[in-house]
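**Q**
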Amino acid sequence: MNLRLILLFVAIVYTICPQEFQVSKNHAVNGFIDRHFASVGKTTENFLYPVHRDFIYTLLREIESSGVTLTEIDKNLLGQYLSEFGTQTDQNIQNLTDYSNYKFFSPKESYFYFSGTRDSFSVGINLLAEIGFHSNLETSTSSRTVLLGGDLSARFGQHLTFNLKGLNGIFSGEKSSIREQRRYSTNYKLMDDPNSSFFDETEGNVSLTYPGITFTLARGDLSAGFGKFSPIIRDLYPRSDYFSLNLTYGILNYTFAHGSLLADPTYLSDSITGGIREIPEKYIVYHKAAFNLTDGIKVHFGEMVVYSGRGMDLGYLNPFNFYKTVEHSKIDRDNTALFSAFEAILPFSSKFYLTLLMDDIDYSKLGSGWWGNQTLLHAGLTSFPVISHLPIEISLEILQIQPYVFSHRIKRNNFANLSVPVWGEFSPNSMNYLLSSGAWLSGNFHTKVSYTYTLRGMNEYDLAGNLVKNYGANVNEGHRTFDSESINFLDGMQDKMHTLEAELIYQPANNYFLKLFYKFSDSTIRTINFASLYLTIKL
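Going by the numbering used here, the sequence shown opens with residue 22, and the numbers climb by one from there.
(1) Between the C-alpha atoms of F154 and I549, what's the straight-line distance to the nearest angstrom?
(2) Can the beta-carbon of I508 be found less than 8 Å from the beta-carbon of Y492?
(3) When you compare each of N216, V50, Y270, E414 to G401 by their alpha carbons, which one comes out closest?
(4) What are the residues that DSSP puts in a beta bridge with V3?
(5) Just to confirm my understanding: we take N379, look at its own chain, exclude 5 residues before and 5 after, and list those with CB closer than 6 Å. What are they?
(6) Figure out for me which residue from S370, Y384, S451, L243 has the closest Cα to the Cα of G62.
(7) On the criterion of 16 or more Cβ atoms from any shown chain inside 10 Å, does H308 qualify as buried, or is it exposed?
(8) Measure from the alpha carbon of T64 to the alpha carbon of each residue in F177, R430, I54, then state which is nearest.
(9) Per the DSSP calculation, P442 is bridged to which residue(s)?
(10) Would you mind working out which of N189, I422, N267, K372 sits nearest G317, comparing C-alpha positions?
(11) Could you check what DSSP says for K540 in three-state terms: helix, strand or coil?
(12) Taking only three categories from DSSP, how would you classify V50?
(13) When we look at the beta-carbon of Y337 and count the other beta-carbons within 10 Å, is it buried (16 or more) or exposed?
(14) Going by C-alpha distance, which of G145, N97, M325, S86 is nearest E348?
(15) Counting Cβ pairs, one atom from each stretch, are 3 or more of them under 8 Å apart for the region 247–254 and the region 432–447?
(16) Report yes or no: do three or more beta-carbon pairs, one from the region 468–476 and one from the region 519–529, lie closer than 8 Å?
(17) Along the beta strand (DSSP E) that carries N157, what are the first and last residues, could you check?
(18) Counting C-beta neighbours from all protein chains within 10 Å, is the total for G246 16 or more, i.e. buried, or is it exposed?
(19) Taking all protein chains shown into account, do 16 or more other C-beta atoms lie within 10 angstroms of the C-beta of E41, making it buried, or fewer, making it exposed?
(20) Out of G459, Y539, L560, Y555, which has the shortest C-alpha to C-alpha gap to N157?
(21) According to DSSP, is E201 helix, strand or coil?
(22) Is L462 helix, strand or coil when you go by DSSP?
(23) Taking C-beta to C-beta, are T276 and L69 nearer than 8 Å?
(24) Taking the beta strand (DSSP E) that L99 falls in, what are its first and last residues?
(25) Would you tell me roughly how many angstroms separate the C-alpha atoms of L11 and K351, rounded to the nearest one?
(26) Measure how close the beta-carbons of N497 and K432 come, nearest whole angstrom, since I'm counting them as under 8 Å.
(27) Could you tell me which residues DSSP puts in a beta bridge with D285?
(28) How is Y472 classed by DSSP in three states: helix, strand or coil?
(29) Between the alpha carbons of R501 and T520, how many angstroms are there, rounded?
(30) For G393 and S60, I'd like the C-alpha separation in whole angstroms.
(31) Are the CB atoms of E151 and T475 within a distance shorter than 8 Å?
(32) If you run the structure through DSSP and keep just helix, strand and coil, what is V306?
(33) Run through DSSP, which three-state label would K559 get?
(34) How far does the beta strand (DSSP E) with Y263 in it reach, from first residue to last?
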């Protein structure tokens, strides 16, 4: 095979590009949709992510046909998103059946597909490349990550879709520079062996979609909640396997998810194998009903459960059950939480949201300081003003987490995956305030900045790391029989933390992304100061 044919083959492989059918919460299209729906006084189904791309496309078409006057930046963004999430037509794709027509910097999406009827069947694959540069400014260490892989996706008819993405990575440098990033610090292949330089990532999903119904089996991101705090489930690393159901009819939207987690590993000595690692299976279950009282007012009611010590439980596999009652009938050995939420569109393109979660409540002991009254309260206000034709997003959020929230007397039943909390980095027994803003400076340039102030009461430990006094500040340390029955909010060792995060995302051409992320956090316990620069290419 001569060099020319080799280059031809490489060019074809590099230019095959599919659709991705599951859209995570951090995709910029969600902020775009929220902003424009708020401007016309409407809420969206934006509590549980990811959502199917067909749902996103439906909302984009609604914006397109609404007659709302758009700024030039938003016209550009809408065109990009319609191309990205739209059906495969000559108007929004770069046809690759003839590779010589391919343009590396085409504004269109690039797909390779084979179909006699284009809308009923498509299959594609694209090459993914990500180069990361990481610097821990506090320890003066740095590292580099390179991820290469591919994304295979297909649509069969109008109802069945699937994605499969696999990435293999190479790491070089000091691992201390990436320990603050959950994506890397929870990667077993990378972190288990201090000398390991190879790691991998994988995500996959298959979905059945019909009008008003979506069923998904997936491995990947799962998040639930409002705002940046997203206090129910957020930034789920290590990745989880789950299946979900979404039903919409009239004013009702019902969502359900059942996922697998891992408890803490234990080691059994064995002279032949060198030791056996045992990791108990555990599961997380979520369901919620939302009611649209008006176009701009919505209420939510839901439950979550973590259970372990057995295989999948039919009582929790049933999406239509009262899990709190089921848990009681199963001899009160699981960890359940109830929550309700409210959102309303306010004047000046603003949205107010409120979430109350009750991990365990005895109403007769409210206000007494009893440790078992575990509540989480989250409130936020997001405004989408357009200043001088520049789309802006400004948010203020407050998150109060009472002692022992999400923990459990049986450690493996806490709301954590390999000891990593499923709702983010904020600890129980803490008060958190967030001020954030974002702006679309152009159709290809988006920036976000946030400041978080945290006040928390911490547990007391001795020099050997043993727990001396429990103030309910660690999800991995539940209440013990000899711990105090009364804990006031913010009791314990006081810690104040200031956190600044900044992110710049630039897309110089379609499917080429440059992302800069910076985080600085300072407290009486420790200082975190790191930056990461990513170059991501989808060819």
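Even glycine gets a Cβ: it sits at the ideal position worked out from N, Cα and C.
**A** So, from the listed chains and residues:
(1) Here residue 154 refers to the residue found at position 133 of the sequence shown. Here residue 549 refers to the residue found at position 528 of the sequence shown. Roughly 17 Å between the two C-alpha positions.
(2) For the purposes of this step, residue 508 is taken as the residue at position 487 of the sequence shown. For the purposes of this step, residue 492 is taken as the residue at position 471 of the sequence shown. Against a cut-off of 8 Å, the Cβ pair of Y492 and I508 comes out as a contact.
(3) Indexing the sequence shown from 1 puts residue 401 at position 380. Ranking the options by Cα distance to G401, first place goes to E414.
(4) With the chain covering only 22 through 560, there is no way to say anything about residue 3.
(5) Here the question's residue 379 lines up with position 358 in the sequence shown. Looking at the sequence itself, residue 379 is Met, so the reference to Asn does not match. So the list reads L359, T396, once near-sequence residues are dropped.
(6) If you number the sequence shown from 1, residue 62 lands on position 41. Nearest C-alpha to G62: S370.
(7) Translated into positions along the sequence shown, residue 308 becomes position 287. Buried, since its Cβ has 16 or more Cβ neighbours within 10 Å.
(8) To locate residue 64, count along the sequence shown from 1; it is residue 43. Looking at the Cα atoms, I54 is the closest of the given residues.
(9) Your numbering for residue 442 matches position 421 in the sequence shown. Looking at the DSSP assignment, P442 forms a beta bridge with A437.
(10) Taking the first residue of the sequence shown as position 1, residue 317 is located at position 296. Nearest option by C-alpha distance: K372.
(11) Taking the sequence shown and counting its residues from 1, the one referred to as residue 540 is at position 519. Reduced to three states, the DSSP call for K540 is strand.
(12) Reading the sequence shown from its first residue, position 29 is the one you call residue 50. Here V50 sits in helix by DSSP.
(13) Numbered from its first residue, the sequence shown carries residue 337 at position 316. Burial call: buried.
(14) Mapped onto the sequence shown, residue 348 falls at position 327. Residue M325 is the option with its Cα nearest to E348.
(15) yes
(16) yes
(17) On the sequence shown, residue 157 is found 136 positions in, with the first residue counted as 1. Per DSSP, N157 belongs to the beta strand (DSSP E) from 142–157.
(18) Position 225 of the sequence shown, counted from the start, is the residue given in the question as residue 246. With 16 or more Cβ atoms within 10 Å of its Cβ, G246 is classed as buried.
(19) Sequence index remark: in the sequence shown, residue 41 carries index 20 (1-based). Counting Cβ neighbours within 10 Å, E41 comes out buried, since at least 16 surround it.
(20) Along the sequence shown, one-based indexing puts residue 157 at 136. It is Y539.
(21) Here residue 201 refers to the residue found at position 180 when the sequence shown is read from its first residue. Secondary structure of E201 (DSSP, three-state): coil.
(22) Along the sequence shown, read from residue 1 onward, the residue named residue 462 stands at position 441. Residue state, collapsed to three classes: strand.
(23) Here the question's residue 276 lines up with position 255 in the sequence shown. Here the question's residue 69 lines up with position 48 in the sequence shown. Contact flag set, yes.
(24) Along the sequence shown, read from residue 1 onward, the residue named residue 99 stands at position 78. Boundaries for L99: no beta strand (DSSP E) harbours it, while the alpha helix (DSSP H) harbouring it runs 93–106, taken from the DSSP string.
(25) As displayed, the chain neither begins before 22 nor continues past 560, which places residue 11 out of reach and without an answer.
(26) Here residue 497 refers to the residue found at position 476 of the sequence shown. Here residue 432 refers to the residue found at position 411 of the sequence shown. The Cβ separation is near 6 Å, so the contact holds.
(27) Residue numbering aside, residue 285 sits at position 264 when the sequence shown is read from its first letter. DSSP output for D285 lists no bridge partner at all.
(28) Looking up residue 472 in the sequence shown gives position 451. Residue state, collapsed to three classes: strand.
(29) Translated into the one-based positions of the sequence shown, residue 501 becomes position 480. Translated into the one-based positions of the sequence shown, residue 520 becomes position 499. Those two C-alpha atoms are separated by around 32 Å.
(30) The count along the sequence shown starts at 1 and reaches residue 393 at position 372. The count along the sequence shown starts at 1 and reaches residue 60 at position 39. Cα to Cα, the separation comes out at about 42 Å.
(31) Indexing the sequence shown from 1 puts residue 475 at position 454. Indexing the sequence shown from 1 puts residue 151 at position 130. Not a contact, by the Cβ cut-off of 8 Å.
(32) For the purposes of this step, residue 306 is identified with residue 285 of the sequence shown, where counting begins at 1. Residue state, collapsed to three classes: strand.
(33) On the sequence shown, residue 559 is found 538 positions in, with the first residue counted as 1. Strand at K559.
(34) For this step, residue 263 is matched to residue 242 along the sequence shown. The continuous beta strand (DSSP E) containing Y263 extends over residues 261–270.
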